[in-house]
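Trainee: Be aware that the sequence shown starts at 250, since it is given in our numbering, and climbs by one per residue.
By construction, the Cβ of each residue, glycine as well, lies at the ideal position given by its N, Cα and C atoms.
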Amino acid sequence: MAFDFDMIQRVYAGFGERVEAARQVVGRPLTLSEKILYAHLTAGTPTQAFERGKTYVDFAPDRVAMQDATAQMALLQFMQAGRATVAVPSTVHCDHLIQAEVGADQDLDVAKNKNREVYDFLSSVSNKYGIGFWKPGAGIIHQVVLENYAFPGGMMIGTDSHTPNAGGLGMIAIGVGGADACDVMAGLPWELKMPKLIGVKLTGKLSGWAAPKDVILRVAGILTVKGGTGCIVEYFGEGAESMSATGKATICNMGAEIGATTSIFAYDESMANYLRATNRADIADAANAVRQHLRSDDEVYTDSAQYFDQLIEINLSELEPHINGPYTPDLAWPLSNFAKAVKENGWPEKLDVGLIGSCTNSSYEDLTRSASIAAQATEKNLKTKSEFTVTPGSELVRFTAERDGLLQTFEGIGGVVLANACGPCIGQWARHIDDPNRKNSIITSFNRNFAKRNDGLASTHAFVASPEIVTAFAIAGSLTFNPMTDKLVNENGEEVMLDEPQGIEQPPRGYDVEDAGYQAPAEDGSQVQVKVSPTSDRLQLLDAFPAWEGTDLKGLKLLIKAKGKCTTDHISMAGPWLKYRGHLDNISNNMLIGAVNYYNDKTNTVKNQLTGEYGEVPAVQRAYKAAGIGSVVVGDENYGEGSSREHAAMEPRHLGVRAILVRSFARIHETNLKKQGMLALTFVNPADYDKVQEDDNIEILGLTEFAPGKPLTVVLHHVDGTVDEFPVNHTYNQGQIEWFKAGSALNLIKMRVNA
Ligand code: F3S
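1) Is the closest heavy atom of ligand 1 to the C-beta of residue 739 under 8 Å?
2) Using the Cα positions of residue 388 and residue 615, report the straight-line distance between them to the nearest angstrom.
3) Is residue 684 helix, strand or coil when you go by DSSP?
4) Classify residue 250 as helix, strand or coil using the three-state DSSP reduction.
5) Kindly indicate which three-state DSSP category residue 710 falls into: helix, strand or coil?
6) Compute the Euclidean distance between the alpha carbons of residue 791 and residue 368, then round it to the nearest angstrom.
7) With distances taken between CB atoms, is the gap from residue 604 to residue 673 smaller than 9 Å?
8) My output table needs one value for residue 571: the three-state DSSP class, helix, strand or coil.
9) Going by CA-CA distance only, name the one from 922, 376 and 911 that's closest to residue 898.
10) Could you pull the DSSP bridge partners for residue 583 from this structure?
11) Let me make sure I understand the geometry here. Which of 733, 321 and 886 has the alpha-carbon closest to that of residue 409?
12) Out of 711, 810 and 835, state which residue places its alpha-carbon closest to the alpha-carbon of residue 853.
13) I'd like to check one pair, residue 455 with residue 407: are the Cβ atoms closer than 9 Å?
14) From the DSSP output, read off the bridge partner residues of residue 561.
15) What's the C-alpha gap between residue 474 and residue 258?
16) Do you know how far the Cα of residue 560 is from the Cα of residue 768?
17) Taking the CB atoms as reference points, tell me whether residue 676 and residue 705 lie closer together than 9 Å.
18) Per DSSP, what are the beta-bridge partners of residue 335 in this structure?
19) What would DSSP say about residue 383, mapped onto helix, strand or coil?
20) To the nearest angstrom, report how far apart residue 256 and residue 337 are at their CA atoms.
21) Beta-carbon separation of residue 343 and residue 383 under 9 Å?
22) For residue 1069, report the span of its beta strand (DSSP E) as first-last.
23) If I measure Cβ to Cβ from residue 919 and keep anything under 6 Å in the same chain, skipping five residues before and after, which residues do I get?
24) Over the uninterrupted beta strand (DSSP E) stretch that includes residue 803, give me the two end residues.
25) Contact between the region 499-519 and the region 476-484 is defined here as three or more beta-carbon pairs at a separation below 8 Å; is this criterion met?
26) Find the nearest neighbour of residue 625 within the set 749, 542, 589 and 968, judged by alpha-carbon distance.
27) Tell me, which residues are paired with residue 768 by DSSP?
28) What is the residue span of the beta strand (DSSP E) that residue 442 lies within?
29) Let me check understanding here. Comparing Cα to Cα, which of 324, 354, 350 and 411 lies closest to residue 372?
30) Hey, residue 226 and residue 950 are a contact pair by Cβ (cut 8 Å); roughly how many whole angstroms apart?
31) Where DSSP assigns a beta bridge to residue 856, which residues make up the other side?
32) According to DSSP, is residue 677 helix, strand or coil?
33) To the nearest angstrom, how far is it from the Cα of residue 902 to the Cα of residue 926?
34) Skipping 5 residues on each side, what residues in its chain have a beta carbon closer than 8 Å to that of residue 730?
35) Might you give, ordered along the chain, the residues of its own chain that have their beta carbon closer than 8 Å to the beta carbon of residue 540, omitting 5 neighbours on each side?
36) I'd like to know whether the C-beta atoms of residue 630 and residue 745 end up nearer to each other than 9 Å.
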């Protein structure tokens, strides 16, 4: 599972020089985030300053990590690039497809059977292209990355929103869509708007029941779910240094809940300790040698307000444990106010289930602190009133926790140990509940608590807290319990109190594991066959999209004129469709089914111009495709907002849509369309949207002179014989025009690889 030490040494070798060059061009001391960003420019040594929150910058991340759900399309696309191996070290982690129902072993067996074809594909494609493969049961992507791959000063992208977890080891780690992962693996630059910076100064020291989780629960309360958008949150101060690296990772993980691009802590002793404990002493030594670059410049710490766009200060010595929820992670309640809030809001006081672990909170320290509470239940003869589950984040943690008796302690109070996988954290939970409509409460040490997130039930009120608070609540069986002040009555009828949790940062006997679940790729993968069954309905190898035919586009039909909001969810719905995300043809049956047809205000009902009848959008488009006729989708403002889901661009391309013509685009979707070889066009005059009629025959002219900044022309031939003609804008640069001509960005890479 060897981390790539050579790569890390290369990063550190040029780090100081790049940071100094950045300091010169920026003209002031730098924060840690800026140092890492400027040290990872595709262009190499910085020669210009970039405006935070404004300028788009090309970066060269050191690593890519993918979870099994999003990896499928990322890797199917990567195969189109024609490369022998990935351009940067990459890993795949099988964690999202395992459903929790009975317990670790049985659930894992069921998942292996059910998802065999997906796992076989991911395993074989990883083997072929030099990608590290973590088998089902090996652990959750972010915990495995923290244990094996994260390093101070590094930059990675991951196809999961909680990728920032690696900020606990001083890495800039950012969650992206599969298309971005594919680009970086294929050797393309990765573009990001230079983030703004939020500084969080931590003074004092945590004690008693307060845990690192409470820091981020408090920050979420301050900043709300949108407060971090477009920003990196940088934590510093004596309080930061007093926390373990895994505690820092918890805080960074949940930065996703405030919309932050990522979160990060500076390199310190806690990180060195964690690196050494996880068998990476050489990285700790290498990081020590460039230590001064792995923290902000001194001026940033002494005059912080000047260097951050926003500054927050939290005194850890005064921080109370928090419970956040329900339905949103930014509804933050200090423990002392929570019981009152529960009563006033009529939330169910009885606690049905307490769930600890997950990618957010399953470190050795978390488990020891929670086990110290669980052990008291046994010692003090308390009966656990709620169901209680434990999700270890990795096999390394699970094996070590079992060896040290922690799991047995949890089982001793009725705890069920689940597989090392996402499980209930992502809704993969076959929950046993008497009545799914009964209003009920659960509390987790996970990160998200939106309605239905954990168990799919709208009746569930989900709250988020530290694992030690969750454990205490599960024992009490009540949401109105305050372990800092309240007594419980034990089986002998005596009143007892729970003592403060006690944790151990690193296992005194070291970490241990028998089989971590890692499969190294073949040294030479050229002969490895990628396994995809031609009859599979979940996976399908991709065919290259055809190159541009070299002429203007004529005889196009209007597929749909979408009215109002049209997000990536309207274009490519999630939910039940997710199981087809590795099968482009099958998932294309959801194309634009959520978009509202301007002409009848209905969804998924458009006119088939060949028959005059109304049909479902994908079916009508398939009819055009079968007849060899291209089509155009017309949309309103901010078309494609929402997510970076590449399917929303691939599906229309696959089904033969030639252009998306809108009043304005959400930028990521616009770029995704360009990458897939589609025409992404905007009305020069937004009122021209009104000229588009249901039976139009459409031409797009000017493509033979397609050039940056030069508008194209759209001609609408209306059914009554009249014609409208108007200019349309585009934002293609020369490189993107080459993508269009080649049929897609990956086609172009392939042409260059083969040249
Ligand atoms: Fe996501 Fe899995 Fe964590 S679902 S939040 S990575 S446990």
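Mentor: Checking against the coordinates, here is how it stands:
1) The residue labelled residue 739 in the question sits at position 490 within the sequence shown. Not under cutoff, so the answer is no.
2) The sequence position of residue 388 within the sequence shown is 139, counting from 1. The sequence position of residue 615 within the sequence shown is 366, counting from 1. Between residue 388 and residue 615, the C-alpha separation is close to 16 Å.
3) Locating residue 684 in the sequence shown gives position 435, where the first residue counts as 1. The answer is coil: DSSP assigns residue 684 none of H, G, I, E or B.
4) The count along the sequence shown starts at 1 and reaches residue 250 at position 1. For residue 250, the predicted structure reports a pLDDT of 49, less than 50, and the residue's modelled location is therefore unreliable. A value from the coordinates is still provided. Coil, per DSSP.
5) In the sequence shown, counting from the first residue as 1, residue 710 sits at position 461. In this structure, residue 710 counts as strand in the three-state DSSP scheme.
6) In the sequence shown, counting from the first residue as 1, residue 791 sits at position 542. In the sequence shown, counting from the first residue as 1, residue 368 sits at position 119. Answer to the nearest angstrom: the Cα atoms are 18 Å apart.
7) Start at 1 with the first residue of the sequence shown, and residue 604 comes out as number 355. Start at 1 with the first residue of the sequence shown, and residue 673 comes out as number 424. The beta carbons of residue 604 and residue 673 sit closer together than 9 Å.
8) For the purposes of this step, residue 571 is taken as residue 322 along the sequence shown, with counting starting at 1. The DSSP-derived three-state label of residue 571 is strand.
9) Position 649 of the sequence shown, counted from the start, is the residue given in the question as residue 898. The shortest CA-to-CA distance from residue 898 to any of 922, 376 and 911 is the one to 922.
10) Taking the first residue of the sequence shown as position 1, residue 583 is located at position 334. Per DSSP, 571.
11) Taking the first residue of the sequence shown as 1, we reach residue 409 at position 160. Checked all of 733, 321 and 886; the closest Cα to residue 409 is 321.
12) Here residue 853 is taken as the residue at index 604 of the sequence shown, counted from 1. Residue 853 has its Cα closest to that of 810, out of 711, 810 and 835.
13) The residue labelled residue 407 in the question sits at position 158 within the sequence shown. The residue labelled residue 455 in the question sits at position 206 within the sequence shown. Between residue 407 and residue 455, the C-beta gap is not smaller than 9 Å, which leaves the two residues out of contact.
14) The residue labelled residue 561 in the question sits at position 312 within the sequence shown. Looking at the DSSP output, residue 561 sits in a beta bridge with 449.
15) Along the sequence shown, one-based indexing puts residue 474 at 225. Along the sequence shown, one-based indexing puts residue 258 at 9. Rounded to whole angstroms, residue 474 to residue 258 spans 37 Å at the Cα level.
16) Counting from 1 along the sequence shown, the entry for residue 768 is found at position 519. Counting from 1 along the sequence shown, the entry for residue 560 is found at position 311. A straight-line Cα-Cα distance of about 44 Å links residue 768 and residue 560.
17) Looking up residue 676 in the sequence shown gives position 427. Looking up residue 705 in the sequence shown gives position 456. Yes. Within cutoff.
18) Residue numbering aside, residue 335 sits at position 86 when the sequence shown is read from its first letter. Residue 335 pairs with nothing; no bridge assigned.
19) Taking the first residue of the sequence shown as position 1, residue 383 is located at position 134. Strand.
20) Position 7 of the sequence shown holds residue 256. Position 88 of the sequence shown holds residue 337. So the alpha carbons of these two residues sit roughly 9 Å apart.
21) Taking the sequence shown and counting its residues from 1, the one referred to as residue 343 is at position 94. Taking the sequence shown and counting its residues from 1, the one referred to as residue 383 is at position 134. Judged by their CB atoms, residue 343 and residue 383 are nearer to each other than the 9 Å cut-off.
22) Within the shown structure, residues of the chain are numbered from 250 to 1004, placing residue 1069 beyond reach of any answer.
23) Start at 1 with the first residue of the sequence shown, and residue 919 comes out as number 670. Non-local C-beta neighbours of residue 919 in its own chain, meaning closer than 6 Å and more than five positions away in sequence, comprise 929, ordered along the chain.
24) In the sequence shown, counting from the first residue as 1, residue 803 sits at position 554. For residue 803, the enclosing beta strand (DSSP E) begins and ends at 802-810.
25) Contact holds: three or more Cβ-Cβ distances are below 8 Å.
26) Here residue 625 is taken as the residue at index 376 of the sequence shown, counted from 1. With distances taken between Cα atoms, residue 625 lies closest to 749.
27) As a first step, residue 768 is located in the sequence shown; it is residue number 519 there, counting from the start. In the DSSP output, where bridge partners are listed per residue, residue 768 has 382.
28) Residue mapping note: residue 442 aligns to position 193 of the sequence shown, counting from 1. The continuous beta strand (DSSP E) containing residue 442 extends over residues 439-442.
29) Within the sequence shown, the letter at position 123 stands for residue 372. With respect to the C-alpha of residue 372, the residue from 324, 354, 350 and 411 having the closest C-alpha is 324.
30) Residue 226 is absent from the structure shown; the chain starts at 250 and stops at 1004.
31) Here residue 856 refers to the residue found at position 607 of the sequence shown. Note: residue 856 sits in a beta bridge opposite 863.
32) Position 428 of the sequence shown holds residue 677. In the structure shown, the three-state DSSP call for residue 677 is coil.
33) To locate residue 902, count along the sequence shown from 1; it is residue 653. To locate residue 926, count along the sequence shown from 1; it is residue 677. Residue 926 has its alpha-carbon roughly 8 Å from the corresponding atom of residue 902.
34) Against the sequence shown, residue 730 aligns to sequence position 481. Cβ neighbours of residue 730 beyond the five flanking positions: 588, 721, 722 and 737.
35) Looking up residue 540 in the sequence shown gives position 291. 516.
36) The residue labelled residue 630 in the question sits at position 381 within the sequence shown. The residue labelled residue 745 in the question sits at position 496 within the sequence shown. In this structure, residue 630 sits near residue 745, with a CB-CB distance shorter than 9 Å.
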